[in-house]
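Here's the structure, in structure tokens; my notes come after.
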Amino acid sequence: MKRIFALVLVAVVGILLFSGIYSMEGFPRYGEAEVSERVSMSYIDKNVTRENQEVVFGVSENLETGSANIVTSIIVNYRSFDTLGEVTVLFVSALGVSLLFGSFEGRLRSRYKPNFILRTGSKVVFPLILVMGAYIFIHGHLSPGGGFPGGSMIASAILLMYLADEDFRVRIDDFKKTEGIAGAMYVLLGLVGLMISNYFLSNFLDTGTVGTLFSAGIIPVVYVLVGLKVGSELTGIITDFLKGEVE
Amino acid sequence: MMNAFVFTLVGLGLFFSLLRLLTGPTPFDRVLSLDTMNIIISGSIVLIALIFNNALYLDIAIVYAVLAFLETIVFARYLEGRS
Amino acid sequence: MVNPVLLIALPLLLAFVSIVFKAYKNNLLVFGTLLNAGLVLTLNKGQYIIGGFQPPFGINLVLDDFALTGILIINGLFLVITLMSLEKLEGFASVLLVALAGLNGLVLTGDLFNLFVFLEITAITAYILSSASKEYRYAFNYLVLGTLGSGLYLFGLIVLYAVFGTLNMADLSVKMAAVDASQLVLPSLLIFIGLAVEVKILPFNGWVKGVYSGTNSLVGPLFASVYAAGMLFVFGRIFAQVIPLGTYLRTSLVVLGALTLLAGEVAALSKTRIREILLYSSIGQSGLIAALFLSGLVFVAVMQLVNNALSKAILFTVAGQMADSTGTDEGEELQGAFLEHKIAGVGFTIAALSLIGLPLFYGFISKMNLLFGIFYSDNYWLPVVILLGTVIEGTYMVRLLVKLWTPGDEGIVSEKAFATERPLTIQSSKVMGIVVLSVVLLIGGLLPAVIQDNLTDSGSLLDEVTPAYLFDLKGGQ
Amino acid sequence: MTFDIVVILMFLGAFSAYLISKASLKAGAYATTVFSLGALAVLLMGRSEIGSEFSVLFMNFEVTVIGWYFSGVMVLVYAMTSFFNSFWMDKMMYPGSYNFLYLFSLAGTLGLFFASDLITLFIFWEVVVWSSTFIIPMGKSRRAAVVYYTISSIGSMATLYGIMLVYRISGTLVIQEAFVPLKEDPLTATVVFVIFVMAGLTKIGIFPFHIWLPLAHGSAPHTFSPVLSGGLVKMGAFIAYMSVAILPAYEAFEGSLKIMGIPLQLYFLMILGAISIVLGTLMAIKQEDAKKLIAYSSVANGGYILIGILMMDQLSFAGSMMHLFNHAIASAAAFLAIAVVAYRTGTTKISELGGMIHRMPLTYLTYLIAIISLAGIPPMGGFVSKWLIIQGLADRGLMFMALAAFFGSIGSFLYVFRPLAAVFLGQLKPEHEHLKSEPLMMKIPMVILMVLILYFGVLPKWLLGIIGEIQVAAGIEPVMMSGNTILAVNGVLNTLNVFMIFGFGFLISLIIFLLMQKSRRVGLMDTYTSAEFIYTPELYHYAGAFYAPFERLYQNHPSVEKFLGAIAWKFHELGTVVNALFFSHKPAVTVFWTSVILVMITLGGAGI
Amino acid sequence: MIQYAGIMLILIGIYGLLTQSNIIKIIVSLNIFELGLNVFIISVGFVREGIAPILTSVNNHNGLVFVDPLPQALVLTAIVIGLGTTALGLAFARSIYRQHGTLNLDEIGGPSNG
Amino acid sequence: MIIVSYILMLIGAFFYAIGGLGIYRMPDLFNRAQAGTKATTLGTLSLLLGVGVQQPSWIPKLLLIAVFIAVTNPVGSSTLARAGYHSGVPIYEGTQVDDLKELYKKEDGLDE
Amino acid sequence: MSKFIGASVIMFIPWVLLAGSDPSELILGATVAMVIAGIIYRNLDYAFKSGSLAGAIKFLVVYVPVFLWELVKANIDVAFRVLNPRMPINPGFVKIPTGIKGDYGRLALANSITLTPGTLSVDGDENHLYVHWIDVMGESQKERGELVSGPFEDILGGIFK
Ligand code: NA
Ligand code: NA
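As given, the protein sequences belong to chains A, H, E, S, P, U and B, one line each in that order.
First residue of the first sequence: -15, per our numbering; consecutive thereafter.
First residue of the second sequence: 1028, per our numbering; consecutive thereafter.
First residue of the third sequence: 14, per our numbering; consecutive thereafter.
First residue of the fourth sequence: 23, per our numbering; consecutive thereafter.
First residue of the fifth sequence: 402, per our numbering; consecutive thereafter.
First residue of the sixth sequence: 4, per our numbering; consecutive thereafter.
First residue of the seventh sequence: 143, per our numbering; consecutive thereafter.
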């Protein structure tokens, strides 16, 4: 009865959502977004602060943001304040988790110990995943991905090791320090921008040539920091969740 | 033309795995079929990279493969010993 | 020139540093709150751009009078409350630093999506702080509703982006104003619901009871004054300045606000536990302030907001302290509790009276002004609701006050202060904080110009309803 | 000395009394007395200041005749009562705060009656309400304070609404100007009038807003009941005066339906006043507590005052203004007399008392005179003012009101007699055998009040002179006097002659009593019944269930208390419902409501 | 289409929140809701024939038709935020389980604090 | 060269199909795991090789993927099979020998 | 220290595969490898021993081709079984002895068994592997061991001593 009632209610909500959204004047049909009428056009053309006619991969130099990945240029340049906030969300969630499980000791153990196949197999791919993570956040301005996927890869590697080896234990203090330092450096980087060009988080480094490794100014630097931070934060969360129930 | 053949076969693989995913009967069977599908999907991403001539998809394929493995292990360890 | 982004960046920096130097995190918190409170005094109004990208392309901070009032209240009260209850920090120092940054970001940002990010930061710190009561089911409920709410906010925001192609508040408000308001009911409503969860508007506030009724002397005042103020400032920013409301939607939402006011006050009347009374009173006040913002009465809404924030800081500190030290906040068991803690009692009384709007206290000035404002907007039913609310609020507050001041059962004068086993103790830091806040309420009531001058232009973004109607405090003419 | 300094000094006085009390309780109480007397002196000397204006902070004042008169009445009561404060200091939980709040509310009344703008008026109104609210629980009932506050607050919030409405329409808060536009707008004028008068009614305790009055007056500290009953209820009269004289009601309601020349709006209120007279009298008769009895008599007397003010004429209005004064001092005197008894015996229950005349004859005399004045029996002041009111009513042909007023006077014999007989006359209880007489400091105010009651009953000329000024200021004809004779349309009243006649009769009966005394004093327990000794004195006492047969007549009457109590309970239940409906630890509840609201508002927006 | 699928997922999430009393299922419902929202956000920026907004040696200039990159950036942020809240929610779930021995909210009493 | 590439890719895709079919047709978890794992591993290797023939510059990354899958795919299946056995998934009734039983009996005995 | 170097090298190899051999990438890769190794090496033991390199080469040159060939055979076998309407199977869990020591060697063996015809490593203890065999043959452990892991046991034994 409750379910039927909920179903009816949700159906009504759905009908109203659909009709409400699609009856709005100017709401684009699917696939017909007018990017040229949105702020995004300037991100694609990289001409928020100066007039660019053309941006060409591997050729254009010294643009306002040198990231070949336009999404990355938004995440770490045009809207990098969001990203700082996002990092903070993860930071504070990890803090919350560790506060909740702060008194726990030891590790959760399952009934069956992982065998050598899983343990060794994981150990073999572990460095591969770690490096993959680093690769992703370092190349965030050139390829899909960036600090968050990269950091997540690092944390996945740690999670894998936890699952594969009952004796595996990260030195969580090292990770906490990494997390704190990376975060602090992110903010400091922003403050340096504030001092140099009067704008917090401004891209004060040379942005180089679009498409090359050393380009995009502070973007790769930020992504490295974000990657390290996210990686250590997620590791912290995982470690906390796997803590035992002993108090 | 060749691509069509290739994708038809890939699709068949996915389809049968999906059937197993739906029929089970145990969660392990479902995870197994999911694992298989994931491998097939990472391979398909590589194929897409070839078709779009864009190496960026290779990175995605790797990440996908990693997450697929992790998923299998997580489920396996989580389900182990539960009947 | 001090850039207000420091109000966000420095607490964040200290938060990150605090997990590296764990041993010093409480010191870092005190340092950070002091630093922020000091910085607030040096700010200049204006627009501050992040990253050097002009809005609407980049994110900007808007430091107008409205925001300035907001961060003044937030940073000031944050400082006082933190210093009052340092012994209750437990592990929360780093979380509090993030909360401070988040609250400042909420009030300062000029970008709708950035607001979503700060909303989440602030909300998550709130979820964590609400777990201090160890009543995790309430914290969980809050988390679910808060997340759903911000999801709906994001939904509405994306619909607006799809139509208008921008996320900047100023840009969006101009573009939205050019469109028929009836077109925008759905996204506006979604954004409203999103914020209403945090602002505690009925019926989106199911979490409040569980979370507020278990708060201690640190978390209670933080939630009821600082967080409430931050969320209400955002609400005011969005609904009085960014999103143009059509007559239909405006009326519906004002009615919701008024219902919240009445429901809150009526529910408070039926309660006997002090924190429960206060939490329903908070709900009622939120409804009132939201209704004022929705009516476009920014200035008076801010006044009432300030009054509520200052009063609730005192009330929840004392109530939380009662619960912390005696193990109960049941009014019956705390009869005559103020007999031995007269200063705290006087502070509590002043706060309660100011909340009701008694002359001599700041609440009176704000209540007069808000009534003038509403009458001036030719709304004659809302004042009836507000005044009825005041009668109910006064009734339960008087009931509570006489209970806390006079021991013994009805009709029997007893020397025994109260029925609990543990004695009520109040630290001197709390007493000092209470005195400071009470004095502010008194100054605001007797010399309103002192507070008033700092608020005068808070409604400046809304020229058409700028306070022509304002009660002239000099002449009453 | 100008009044702005007085107002400020009184507030400062309040603080200093608090501080002095911290050093010595007695000294604090004496300081309170000194400050109150000082305020009274300044008021009396400052009659020449009438017409001056001043401002304090953002508040504006003007000294008007009516304001001066009301404050005079008020401060007189405060000053007389303050003599008693020192005796209760050690019985109070917060003696310092008591002195503080006492003077604070006194200062509030000054500001209230001198206010020249509506906000200032409201501010001081609230100051008085709140300071008295916190004094009441220092007596024996917290519930009384809450009920007192709630009813007062309904009144003050209504006032506030009216003030805002007036300001919205006229754009000014100055009392003399704010109401001007209303004359053109009878509908709004009616709304404002009803609102203001409602505030007034709650304060005077007119039916159906009277329920707080016996509770609060009966439960307040013995030293504050006189102020509440003699003084503060008059605030309501002031508001009623404003609504009728300043609005002005007769002009605004020119076009209304009229009954005997009274606009319907006013006539309806008069009926309420009449009901209050009857109800107050009936309820006073059945009270078991002396303080409650006087409290109900205040309800009845409030009815007289209201009717008189609403008349806005030469006689009734003058009578009402005069009754205001007479009732103030008489009820203050009566409460003080009860306070003396309570101070010595510790109780105010009629059935627990008796024979007090043997221990405190002066108190007996005070009570006797006060209660006679309250009942409107010659030759006391109360008689003169009631006579004037009834004259005015009869003149207009308002026979229902006149009848009610007459009933009130007759009925008051019944309740006047009772405490007189049961508390002061009869036999002294064994435990009261060794009671001491009243202290000197208590005698002073009682003597002063007694003298005033008698004086203004016999020689009301000075008082009626001031009232005449008020009438002139309000634009009506002043009451006419020739020597000691009040000239009314249907008759004249020479108060001196009345006094002579009554004085003569009293003298004769006194001589008979003294010369032909046959009775011998017997101890209460010095008797036996059916060969059995009875050890509980109450059983001998004829004060309990005094009017039991009479009471049976209205045992199950529909009661306003029950009705309002039911409303309060409904609010309480509503709170529980709100709580149960919306607040839960399950997210689903809120998600449900969220969906419902989403649906409702979007549907409404779509025009469905 | 994908946009409709997004809204449907949002509705399924809401349905779950309305009907589920198991904490884990509530968290899952919330995640479905967020997933739908993210799909919707992405769909709002979709341009038919548009390519991923990354310049490569092949798609090498800004004259091409890209899909709107901004919603993608926003979604990345929203996903991470969702991750954070989910982690915290699960932590609460574990704490609730420890406290009450069940994950079913129906079996856990209502207000009792204090 | 392109022909070689497509043949390799076709082989890969063919084994994907076989893998899927195996997963579907085999009678119990262990037999399904057998079929699925071998087929998809070879399928992937073949497919990657085919792609590498067309895009030689991608070979390092393809190699990485290949190694990764060759290592993890059997590990995953093995882990899943063991977990399934521990959970008592139904075993094909034609199963003749079961040496695992004694191993786990011993382990369980130690555990409990 | 050897742990650190070992970890660094292990990290560096995939980087090169991912990022290519551009000098700037190589330098960056070396840095990254060392940074990650610096954070994590204490938790791991990729100790760098003499002989590791030789073993790795031997593994690549000798073992991998055999393995690939076995893999192809296995798949043909699977294809036949799967496509055969009758599905001729005769499964069982068998215990087989192994002489190979060391986790890596045993992993290689286990994986090889999984990927070769008809067998799937399920578990193992110090000296044995437990294998799901789709078509059980042989009677004794030894005999079965020969059948299942014969070709690999020798090669891997030579590499992982
Ligand atoms: Na990102
Ligand atoms: Na982001």
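All residues carry an ideal CB built from backbone N, CA and C; glycine is no exception.
| query | result |
| --- | --- |
| C-beta neighbour in chain B for U:Lys108, strict 9 Å | no |
| Assigned secondary structure, U:Asp101 (DSSP; H/G/I helix, E/B strand, else coil) | strand |
| Residue closest to U:Leu50, alpha-carbon to alpha-carbon, out of U:Ser60, U:Phe33 and U:Ile68 | U:Ile68 |
| Complete runs of the alpha helix (DSSP H) confined to the segment 157 to 229 of chain A [at least 4 residues] | 203 to 225 |
| Counted within 10 angstroms of its Cβ, other Cβ atoms place E:Ser367 as buried (16 or more) or exposed | buried |
| Classification of S:Trp591 by the beta-carbon crowding that lies within 10 angstroms, buried from 16 upward | exposed |
| Start-to-end residues for the alpha helix (DSSP H) that takes in P:Gln478 | Per the sequence presented here, residue 478 of chain P reads as Thr, with Gln not at that position. Unbroken alpha helix (DSSP H) run through P:Thr478: Pro470 to His501. |
| First through last residue of the beta strand (DSSP E) which encompasses B:His135 | Lying before the first or after the last residue shown, residue 135 of chain B is absent from chain B, which here runs from 143 to 303. |
| One or two residues paired with S:Val196 in a DSSP bridge | S:Asp139 |
| S:Leu471 vs S:Met102 beta-carbon contact at 9 Å | yes |
| Selection from A:Lys161, A:Arg155 and A:Leu197 that minimises the alpha carbon distance to E:Val30 | A:Lys161 |
| Own chain partners of E:Gly89 with C-beta closer than 8 Å, once the 5 adjacent residues on each side are dropped | Ala50 and Val53 |
| Contact with chain A by S:Phe229, beta-carbon distance below 9 Å | no |
| Alpha helix (DSSP H) segments (min. 4 residues) lying fully within the segment 290 to 354 of chain E | 311 to 339 |
| Neighbour flag for A:Tyr96 against chain U, beta carbons, 9 Å | yes |
| DSSP-derived helix/strand/coil call for A:Tyr6 | helix |
| Members of the segment 50 to 71 of chain E that neighbour chain A once the beta carbon cut-off is set at 7 Å | Ile62, Ile63, Gly64, Gly65, Phe66, Gln67, Pro69, Phe70 and Gly71 |
| Where E:Tyr225 meets chain P, residues with beta-carbon distance less than 7 Å | Within chain P, no residue comes near E:Tyr225; the closest Cβ sits about 10 Å away, beyond 7 Å. |
| The segment 101 to 109 of chain A / the segment 144 to 164 of chain A touching (three or more Cβ pairs under 8 Å) | yes |
| CB contact check: E:Tyr151 to chain D, cutoff 9 Å | Although the question refers to chain D, the structure presented lacks it and instead comprises the protein chains A, H, E, S, P, U and B. |
| Integer Cβ distance of U:Pro23 from H:Phe1043, believed to fall under 8 Å | Strictly speaking, residue 23 of chain U in this sequence is Gly, with Pro absent from that position. The Cβ separation is near 3 Å, so the contact holds. |
| Three CB pairs or more closer than 8 Å across the segment 190 to 206 of chain S and the segment 151 to 169 of chain S | no |
| Residue nearest to E:Met445 in terms of C-alpha spacing, selected from E:Pro436, E:Tyr389, E:Val398 and E:Ala357 | E:Ala357 |
| CB of P:Asn505 within 9 Å of CB of P:Ile424, strictly | yes |
| Limits of the alpha helix (DSSP H) - the one that B:Phe266 falls within | In the sequence on display, residue 266 of chain B carries Gly and not Phe. First-last for B:Gly266: Thr261 to Gly266, but that is the beta strand (DSSP E), not the alpha helix (DSSP H). |
| Interface partners of H:Val1101 on chain A, CB under 8 Å | Leu143 and Leu147 |
| Chain-ordered chain P contacts of A:Leu(-7) [CB-CB under 8 Å] | Leu419 |
| Boundaries of the alpha helix (DSSP H) in which S:Ile508 is found, first to last residue | Run containing S:Ile508: none in the alpha helix (DSSP H); it sits in the beta strand (DSSP E), Thr507 to Leu509. |
| Continuous beta strand (DSSP E) stretch holding E:Tyr61: start and end | Gly59 to Ile62 |
| Close beta carbons around P:Ile428, own chain, < 8 Å, minus the five adjacent residues each side | Thr487, Gly490, Leu491 and Ala494 |
| Environment of S:Gln413 [buried if 16+ CB atoms lie within 10 Å] | buried |
| Residues near B:Ala252 by beta carbon distance below 8 Å, same chain, minus five either side | Ser263, Gly266 and Leu271 |
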